[in-house]
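Student: Protein chains in written order, with the numbering used here: chain A, 620 to 873; chain B, 45 to 290. All C-beta atoms, glycine included, are put in the ideal place defined by N, C-alpha and C. The structure's right below; bear with me while I get my questions together.
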Amino acid sequence: MDVLRVQNIEATYQAENGEITALNDISFVVEKGEFVSIVGPSGCGKSTLLSIIAGLLKPTVGEVFVNGEKIVGTSPHIGYMLQRDNLLDWRTIYKNVLFGLEVRNMLSPENRERAVQLLKTYGLYEFRDKYPAQLSGGMRQRVALIRTLAINPDILLLDEAFSALDYQTRLTVTDDVYRILKRENITTVMVTHDIPESISMGDKIMVLSARPARVREMLEIDFEDENRTPLSCRNSPKFRTYFDHIWKELSVDE
Amino acid sequence: MIRFCQIAVLIIFIAQWEITARLGLIDSFILSQPSRVWQTFLNMAQNDLFMHVGVTVYETLVGFLLGVVFGTLLAIVLWWSSFISKVSEPYLVVLNSLPKIALGPVIIVIVGAGTKAIIFMALAISLIVTVLEMLNGFRHTDNEYIRMASTFGANKRQIFIKIVFPYNISTLFNSLKINIGLSLVGVIAGEFLVSKAGLGYLIVYGGQVFKLDLVMASVIILSVVAALMYEAVALLEKLVLKWYGH
């Protein structure tokens with residue numbers, strides 16, 4: 620059952636020197652529980668595509684369907700994580716986690732309880748009364764993720780959500796996040812410029828071309844390992860193969 | 045060490061003032077001297093000093109608070125509607141550049157000479173400054189925060205209440221600190237023009253009848269009052285920030 624269906628998306632915008640087409644005829648489908656990574660050259664429009672899926676931007680042509688419903692504006696079924704955690708300095712961690720629920724008027728006891736459970740799962744419950752300034756970058760990004768998951772979205776969109784973290788933190792956080800997403804069976808679309816990251820987390824990898832971006836390839840990832848994690852699959856010989864393949868795909872444009 | 049030097053500066057200043065006056069190096073009729081200022085102060089304290097201080101403080105606080113409240117409301121309107129904001133932009137620029145004290149005589153003619161006119165002057169000054177400071181602060185709210193809120197479908201009202209306003213609490217307090225001083229300037233200027241009471245009145249009256257001890261004493265009292273009002277705002281800021289969790 621496809622949770623996300625993207626059909627013939629085209630995005631054109633006005634610049635000083637005429638019209639620029641960022642995305643050209645992008646179509647793809649994501650099944651429930653799948654993790655799709657999107658990679659492509661810098662500036663090819665990956666983030667634009669995500670904004671369109673999230674309903675923040677309107678495409679010039681094409682439609683997006685979530686659970687069969689057309690997307691018009693932001694939807695409570697979609698969670699969107701940005702590169703910066705954007706935790707509000709003046710709120711405690713607990714209050715920050717409830718922010719999305721507040722805005723969406725979803726502050727029921729069950730939802731609050733789910734948020735608390737997520738904090739406990741990530742080992743952040745003891746920090747619930749602290750302020751963002753007192754937490755490390757990795758912890759803050761986890762809090763941002765919990766804030767996004769608290770509204771119980773059908774789809775999670777990650778827009779280079781780990782790019783601002785240092786290398787080691789990035790590895791541990793992505794490992795953490797992957798476990799939670801897979802356990803809760805959350806459908807995810809992640810944009811990243813880190814190719815190993817895209818391979819380590821993705822079930823499928825969508826490679827975009829340079830602007831105007833089109834889908835060069837939809838690569839299926841299979842490590843033949845039921846219990847794969849982002850860290851463990853890097854040891855597999857297939858990892859190297861996937862990397863070389865994607866690297867070649869991206870180099871063709873240059 | 046610093047505290048020691050601060051106190052030393054004060055003591056040296058008072059001491060040399062007194063000494064040069066006694067030695068006749070300065071004309072103490074014109075410049076007065078600490079011992080006489082102190083006498084005058086004791087005199088005033090027994091008479092109607094507190095009434096005058098009260099009048100000035102009252103006029104300042106009322107004008108200042110009204111100006112801040114209306115100024116903030118106006119800033120919210122201008123932030124909300126970019127159309128209204130664009131239309132009013134040149135007028136705000138002009139009003140900001142104009143020394144509001146120049147409006148004093150006009151205000152007095154319209155409202156009548158007296159406390160109301162003086163409060164109006166403080167209000168006028170405080171309002172314009174508040175509008176511009178707060179509007180600027182609102183506009184410079186970190187866009188990423190607003191973007192984050194938009195991903196959850198927040199409408200303009202929610203964005204203002206949950207993001208823009210909390211983000212600008214310290215802007216508000218900085219604006220308050222500036223405003224209290226400026227409002228006091230407006231009040232003193234107003235009292236110079238048309239008052240029968242207040243520290244500004246004492247200063248100008250003392251000058252006119254050559255009671256310069258009175259002038260000096262009033263100026264010193266005014267400095268203390270101004271400093272206390274500023275510190276009160278700073279203290280309020282600390283309390284609010286602690287409660288708000290910065």
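Please tell me whether A261(B) and M88(B) are closer than 8 angstroms, where the distance is taken between their beta carbons.
Tutor: Here residue 261(B) refers to the residue found at position 217 of the second sequence. Here residue 88(B) refers to the residue found at position 44 of the second sequence. Yes, Cβ-Cβ distance for A261(B) and M88(B) is below 8 angstroms.
Student: Between the region 742-752 of chain A and the region 773-789 of chain A, can you find at least three pairs of beta-carbon atoms closer than 8 angstroms?
Tutor: These segments do not touch.
Student: If you count every other CB in all the chains shown that lies within 10 Å of the CB of F192(B), and 16 or more means buried, which is it?
Tutor: One-based indexing of the second sequence puts residue 192(B) at position 148. Sequence inspection shows Met at residue 192(B); the Phe mentioned does not correspond to that position. Under this definition M192(B) is a buried residue.
Student: If we count the other Cβ atoms within 10 Å of its Cβ and call it buried at 16 or more, is V716(A) buried or exposed?
Tutor: Your numbering for residue 716(A) matches position 97 in the first sequence. When all chains shown are included, V716(A) counts as buried.
Student: Rounded to whole angstroms, how far is the Cβ of W866(A) from the Cβ of I814(A), which I believe are closer than 8 angstroms?
Tutor: Walking along the first sequence from the start, residue 866(A) turns up at place 247. Walking along the first sequence from the start, residue 814(A) turns up at place 195. With 8 angstroms as the limit, W866(A) and I814(A) qualify as a contact, their Cβ atoms being about 7 angstroms apart.
Student: Kindly confirm or deny that the region 799-815 of chain A and the region 773-786 of chain A touch, where touching means at least three C-beta pairs closer than 8 angstroms.
Tutor: Verdict: yes, contact present.
Student: Just curious, the alpha helix (DSSP H) that M45(B) is in, first and last residue?
Tutor: Residue 45(B) sits at position 1 when you count from the first residue of the second sequence. Unbroken run through M45(B): none, as it is neither H nor E.
Student: Using DSSP bridges, identify the partner residues of G637(A).
Tutor: Numbered from its first residue, the first sequence carries residue 637(A) at position 18. The partner list for G637(A) (beta bridge, DSSP) reads A634(A).
Student: What does S194(B) reach in chain A if we use C-beta pairs closer than 8 angstroms?
Tutor: In the second sequence, counting from the first residue as 1, residue 194(B) sits at position 150. Residues of chain A passing the Cβ test: L675 and T693.
Student: Count the C-beta pairs between the region 239-247 of chain B and the region 140-156 of chain B that are closer than 8 angstroms, then say yes if the count reaches three, no if not.
Tutor: Cβ pair count under 8 angstroms is below three, so no.
Student: So, does the CB of V281(B) fall closer than 8 angstroms to a CB anywhere in chain A?
Tutor: For the purposes of this step, residue 281(B) is taken as residue 237 along the second sequence, with counting starting at 1. The identity of residue 281(B) in the sequence shown is Glu, whereas the question assumes Val. Taking Cβ atoms only, chain A never reaches closer than 8 angstroms to E281(B), which makes this a no.
Student: R723(A) versus chain B: which residues are under 8 angstroms apart at the beta carbon?
Tutor: Along the first sequence, one-based indexing puts residue 723(A) at 104. Under the 8 angstroms cutoff, chain B gives F196 and G197.
Student: Hey, quick one: how far does the beta strand (DSSP E) through L266(B) stretch, first residue to last?
Tutor: For the purposes of this step, residue 266(B) is taken as the residue at position 222 of the second sequence. Element bounds for L266(B): not the beta strand (DSSP E) but the alpha helix (DSSP H), L256 to Y288.
Student: Taking Cβ to Cβ, would you say Y288(B) is nearer than 8 angstroms to K221(B)?
Tutor: In the second sequence, counting from the first residue as 1, residue 288(B) sits at position 244. In the second sequence, counting from the first residue as 1, residue 221(B) sits at position 177. Not closer than 8 angstroms, so no.
Student: Which bits of chain B does N686(A) rub up against, with CB to CB less than 9 angstroms?
Tutor: One-based indexing of the first sequence puts residue 686(A) at position 67. What N686(A) touches in chain B: nothing, since even the nearest Cβ is about 17 angstroms away.
Student: Listing by chain order, which chain A residues have their CB less than 8 angstroms from the CB of E188(B)?
Tutor: Here residue 188(B) corresponds to residue number 144 of the second sequence, with the count starting at 1. Residues of chain A passing the Cβ test: L701, R703 and N705.
Student: Using DSSP bridges, identify the partner residues of E682(A).
Tutor: For the purposes of this step, residue 682(A) is taken as the residue at position 63 of the first sequence. Q626(A).
Student: Should G756(A) be flagged as near chain B, meaning a C-beta pair shorter than 8 angstroms?
Tutor: Here residue 756(A) is taken as the residue at index 137 of the first sequence, counted from 1. Closer than 8 angstroms: no.
Student: Under 8 angstroms, do G291(B) and S170(B) count as touching if we go by C-beta distance?
Tutor: Look at the range of chain B in this structure, 45 to 290, and you will see that residue 291(B) is not part of it.
Student: Shortest alpha-carbon distance to K665(A) belongs to which of L754(A), K651(A), S855(A) and N643(A)?
Tutor: For the purposes of this step, residue 665(A) is identified with residue 46 of the first sequence, where counting begins at 1. Among L754(A), K651(A), S855(A) and N643(A), the Cα nearest to that of K665(A) is on N643(A).
Student: Who are M825(A)'s beta bridge partners in DSSP?
Tutor: For the purposes of this step, residue 825(A) is taken as the residue at position 206 of the first sequence. DSSP output for M825(A) lists I657(A) and M837(A) as bridge partner(s).
Student: Given a cut-off of 8 angstroms on the beta-carbon distance, is the pair V691(A) and G674(A) in contact?
Tutor: Counted from its first residue, the first sequence places residue 691(A) at position 72. Counted from its first residue, the first sequence places residue 674(A) at position 55. Yes. Within cutoff.
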